[in-house]
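Enquirer:
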Amino acid sequence: MVSDETQEAPQSSFLLPRILLVDPQDPSPTILREAATLLQNGQLVAFPTETVYGLGANALDPPACRRIFAAKGRPSTNPLIVHVANSEAAKQIAHWTNEADLLAAAFWPGPLTLVLKRKGTIPDVVTAGGDTVAIRIPDHPVALALLKATGLPIAAPSANRSNAVSPTRAAHVAQSLGDQVDLILDGGPCQVGIESTVIDLTCQPPQILRPGQLGPTDLEKTLGIRPRISIPSQPHSIARSPGQLARHYAPHTPIEVLGNLGEARSRQAQLEAQNQKVLIVAGEPGPGLLNWGSRSADWAQNLYESFHRFDAEQWDRVILVPPGQGEEWAGVLDRLTRAAKLP
Ligand code: TXA
Ligand code: MG
Numbered sequence: 009m010v011s012d013e014t015q016e017a018p019q020s021s022f023l024l025p026r027i028l029l030v031d032p033q034d035p036s037p038t039i040l041r042e043a044a045t046l047l048q049n050g051q052l053v054a055f056p057t058e059t060v061y062g063l064g065a066n067a068l069d070p071p072a073c074r075r076i077f078a079a080k081g082r083p084s085t086n087p088l089i090v091h092v093a094n095s096e097a098a099k100q101i102a103h104w105t106n107e108a109d110l111l112a113a114a115f116w117p118g119p120l121t122l123v124l125k126r127k128g129t130i131p132d133v134v135t136a137g138g139d140t141v142a143i144r145i146p147d148h149p150v151a152l153a154l155l156k157a158t159g160l161p162i163a164a165p166s167a168n169r170s171n172a173v174s175p176t177r178a179a180h181v182a183q184s185l186g187d188q189v190d191l192i193l194d195g196g197p198c199q200v201g202i203e204s205t206v207i208d209l210t211c212q213p214p215q216i217l218r219p220g221q222l223g224p225t226d227l228e229k230t231l232g233i234r235p236r237i238s239i240p241s242q243p244h245s246i247a248r249s250p251g252q253l254a255r256h257y258a259p260h261t262p263i264e265v266l267g268n269l270g271e272a273r274s275r276q277a278q279l280e281a282q283n284q285k286v287l288i289v290a291g292e293p294g295p296g297l298l299n300w301g302s303r304s305a306d307w308a309q310n311l312y313e314s315f316h317r318f319d320a321e322q323w324d325r326v327i328l329v330p331p332g333q334g335e336e337w338a339g340v341l342d343r344l345t346r347a348a349k350l351p
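Structure (structure tokens):
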């Protein structure tokens with residue numbers, strides 16, 4: 009008899025990647041060993057983190073890292089985040105600082121990526137030739153067990169084609185990357201749902217390069233100094249962190265963000281008069297709308313998950329009315345703004 013953990017998805021086409029189910033509460037050592045061996049041999053393994061799924065390769069193996077860029081169609085100028093099992097492993101690849109110590113102690117494992125001066129141990133392909141490296145310890149039992157099993161730093165951007173919506177489930181990875189990935193570990197849906205906050209510690213004050221679940225006030229409490237937020241004003245402008253480019257994070261379905269439900273209803277009526285199929289997402293209940301509630305964490309968890317579904321359901325337009333604007337909404341509003349910018 010085959011246990012749940014070792015069941016494989018049906019392989020009806022050669023374009024389908026191999027997917028193995030892994031119980032996040034009790035990851036199978038056999039599967040972890042297999043995934044670790046693939047990574048040690050220069051292959052690509054997608055795995056769940058608490059934010060989104062990552063497309064992993066041995067960060068110390070330049071040809072393996074080049075395969076990440078090829079699989080994603082990612083420009084070689086966009087550096088990769090390196091995932092590590094502990095702070096000691098981070099110190100092997102980056103020049104550690106007092107601020108890094110404080111943030112790592114407070115937020116790792118967790119959805120916070122630190123940009124630090126690199127050491128020569130990390131290959132140029134990972135840093136896109138720059139003098140900094142982005143690092144985090146993910147807060148997911150499968151990711152952590154995989155990092156421990158390999159004993160390696162693992163470079164892992166989000167496991168989607170460049171500019172497509174980040175994956176929050178194994179099936180999203182398979183749809184986006186097909187057989188470009190050698191193995192996908194399916195640990196179920198991601199809890200946070202949007203990518204980590206990226207903070208650059210190589211400048212004073214530190215700069216948030218990508219907003220996420222952890223905001224400036226959370227970080228200020230630990231750092232004793234308020235990080236600046238650096239978000240590009242121009243769509244498609246060259247930003248310090250290329251993931252800030254406006255084209256990221258958008259579904260195919262046209263997205264519109266409006267300030268209140270009244271406006272959304274009028275817009276819906278206008279578009280429906282043109283025979284468009286329109287969905288409203290709000291933070292309160294109402295007839296015919298999708299209610300994501302009033303908490304930013306729930307919106308984050310629903311966001312990419314639903315972007316994938318909206319495309320499958322073939323809406324002509326989705327109008328979102330986020331119920332908050334405060335700091336804890338920064339990550340969600342950032343992704344929504346970018347998603348809504350596409351034609
Ligand atoms: O939550 C996450 O961060 C996920 C999971 C898988 O860990 N990863 C992720 O990776 O979102 P990616 O590559 O899709 O986004 C990484 C972001 C990009 O905006 C990239 O440009 C930026 O981090 N980045 C990477 N290295 C950097 C560096 N040295 N300096 C500045 N930004 C950097
Ligand atoms: Mg990404």
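Okay, so the sequence shown: first residue is 9 according to the numbering used here, each after it adds one. Note that CB positions come from ideal geometry on N, CA and C, so glycine has one too.
Between the C-alpha atoms of G339 and G201, what's the straight-line distance to the nearest angstrom?
Expert: Translated into positions along the sequence shown, residue 339 becomes position 331. Translated into positions along the sequence shown, residue 201 becomes position 193. Going from the Cα of G339 to the Cα of G201 covers about 10 Å.
Enquirer: Fully enclosed by the stretch 71-148, which beta strand (DSSP E) runs are 3 residues long or longer?
Expert: DSSP runs (the beta strand (DSSP E)) wholly in the stretch 71-148: 89-91, 120-125 and 140-144.
Enquirer: Three-state secondary structure (DSSP) at L298?
Expert: Position 290 of the sequence shown, counted from the start, is the residue given in the question as residue 298. Strand.
Enquirer: Could you tell me if the beta carbon of P165 falls within a distance shorter than 7 Å of some heavy atom in ligand 2?
Expert: Here residue 165 is taken as the residue at index 157 of the sequence shown, counted from 1. Correct: P165 has its Cβ closer than 7 Å to ligand 2.
Enquirer: Got a sec, what are the start and stop residues for the alpha helix (DSSP H) A179 sits in?
Expert: As a first step, residue 179 must be located in the sequence shown, where it is residue number 171. A178 to L185 is the extent of the alpha helix (DSSP H) around A179.
Enquirer: Hey, would you say L23 sits closer than 8 Å to D187, going by beta carbons?
Expert: Translated into positions along the sequence shown, residue 23 becomes position 15. Translated into positions along the sequence shown, residue 187 becomes position 179. For L23 and D187, yes; Cβs fall inside 8 Å.
Enquirer: With A290 as the anchor, note down where its beta strand (DSSP E) starts and where it stops.
Expert: Sequence index remark: in the sequence shown, residue 290 carries index 282 (1-based). Element bounds for A290: V286 to A290.
Enquirer: May I ask you to list the residues that DSSP assigns as paired with N171?
Expert: Here the question's residue 171 lines up with position 163 in the sequence shown. DSSP lists no partner for N171.
Enquirer: Near A362, which residues of its chain fall below 8 Å by C-beta distance, leaving aside the five closest residues on each side in sequence?
Expert: The chain is shown from 9 up to 351; residue 362 falls before or after that span and cannot be answered.
Enquirer: By how many angstroms is the C-alpha of E228 removed from the C-alpha of R236?
Expert: Within the sequence shown, numbered from 1, the residue matching residue 236 stands at position 228. Within the sequence shown, numbered from 1, the residue matching residue 228 stands at position 220. Cα to Cα, the separation comes out at about 10 Å.
Enquirer: In the DSSP output, what is V265 paired with across the bridge?
Expert: Walking along the sequence shown from the start, residue 265 turns up at place 257. Paired residues: L328.
Enquirer: In angstroms with no decimal places, state the Cα-to-Cα distance between Q160 and T205.
Expert: If you number the sequence shown from 1, residue 160 lands on position 152. If you number the sequence shown from 1, residue 205 lands on position 197. What sits at residue 160 in the sequence shown is Leu, not Gln. Whole-angstrom Cα-Cα distance: 23 Å.
Enquirer: Can the beta-carbon of L191 be found less than 8 Å from the beta-carbon of L28?
Expert: Taking the first residue of the sequence shown as position 1, residue 191 is located at position 183. Taking the first residue of the sequence shown as position 1, residue 28 is located at position 20. Going by C-beta atoms, L191 is nearer than 8 Å to L28.
Enquirer: Mark D69 as exposed unless 16 or more other C-beta atoms lie within 10 angstroms of its C-beta, in which case mark it buried.
Expert: Translated into the one-based positions of the sequence shown, residue 69 becomes position 61. By the neighbour-count rule (16 or more Cβ atoms within 10 Å), D69 is buried.
Enquirer: Is N86 near ligand 1, going by C-beta to nearest heavy atom under 7 Å?
Expert: As a position in the sequence shown, residue 86 is number 78, starting the count at 1. Yes.
Enquirer: Just confirm the distance between the C-beta atoms of L311 and A290, as a whole number of angstroms; I'd bet it's less than 8 Å.
Expert: Start at 1 with the first residue of the sequence shown, and residue 311 comes out as number 303. Start at 1 with the first residue of the sequence shown, and residue 290 comes out as number 282. Going by Cβ atoms, the distance from L311 to A290 rounds to 14 Å, so no, they are not a contact pair.
Enquirer: Can you tell me which of the three DSSP states A65 falls into?
Expert: Start at 1 with the first residue of the sequence shown, and residue 65 comes out as number 57. Note: A65 maps to strand in three-state DSSP.
Enquirer: Does DSSP put I39 in a helix, in a strand, or in coil?
Expert: For the purposes of this step, residue 39 is taken as residue 31 along the sequence shown, with counting starting at 1. Of the three classes helix, strand and coil, the one that applies to I39 here is helix, per DSSP.
Enquirer: In chain order, what residues of the same chain have a beta carbon less than 7 Å from the beta carbon of A136, not counting five sequence neighbours either side?
Expert: Here residue 136 refers to the residue found at position 128 of the sequence shown. Excluding positions up to five away in sequence, the list reads S84, T85, N86 and P87.
Enquirer: Does at least one heavy atom of ligand 1 sit under 7 Å from the Cβ of L217?
Expert: Residue 217 sits at position 209 when you count from the first residue of the sequence shown. Correct: L217 has its Cβ closer than 7 Å to ligand 1.
Enquirer: From what residue to what residue does the alpha helix (DSSP H) around T345 run?
Expert: As a working mapping, residue 345 is identified with position 337 in the sequence shown. That run of the alpha helix (DSSP H) goes A338 to K349.
Enquirer: Would you check if the stretch 138-145 and the stretch 279-290 touch, i.e. whether three or more CB-CB distances between them fall below 8 Å?
Expert: The answer is no - the stretch 138-145 does not touch the stretch 279-290, with fewer than three Cβ pairs under 8 Å.
Enquirer: Measure how close the beta-carbons of V90 and A67 come, nearest whole angstrom, since I'm counting them as under 8 Å.
Expert: One-based indexing of the sequence shown puts residue 90 at position 82. One-based indexing of the sequence shown puts residue 67 at position 59. Right, their Cβ atoms sit about 5 Å apart.
Enquirer: Can you tell which of L63, L111, T45 and W104 has its C-alpha closest to the C-alpha of G232?
Expert: As a working note, residue 232 is residue 224 in the sequence shown. The candidate whose alpha carbon is nearest that of G232 is L111.
Enquirer: Using the C-alpha atoms, what's the distance from H260 back to T158?
Expert: As a working note, residue 158 is residue 150 in the sequence shown. As a working note, residue 260 is residue 252 in the sequence shown. C-alpha separation (whole angstroms): 37 Å.
Enquirer: Use the C-beta contact count for G251: other C-beta atoms within 10 angstroms, 16 or more gives buried, fewer gives exposed.
Expert: In the sequence shown, the residue the question calls residue 251 occupies position 243. Because the pLDDT at G251 is just 49, under 50, the model does not fix this residue reliably, and the point stays unresolved.
Enquirer: Determine the closest residue to G128 out of D31, T121, T210 and Q100, with distance taken between C-alpha atoms.
Expert: Mapped onto the sequence shown, residue 128 falls at position 120. Checking every option, the nearest Cα to that of G128 belongs to Q100.
Enquirer: Below 8 Å CB to CB, which residues in the same chain sit around T105 once its five sequence neighbours on both sides are set aside?
Expert: By 1-based counting over the sequence shown, the position of residue 105 is 97. Excluding residues within five positions, the ones whose Cβ falls inside 8 Å are L124 and L209.
Enquirer: First and last residue of the beta strand (DSSP E) that includes L231?
Expert: Along the sequence shown, read from residue 1 onward, the residue named residue 231 stands at position 223. Note, L231: premise wrong, no beta strand (DSSP E); alpha helix (DSSP H) at P224 to L231.
Enquirer: To which residues of the same chain is T230 closer than 7 Å at the C-beta, ignoring the five residues directly before and after it?
Expert: Along the sequence shown, one-based indexing puts residue 230 at 222. Contacts found: L110, L111 and A114.
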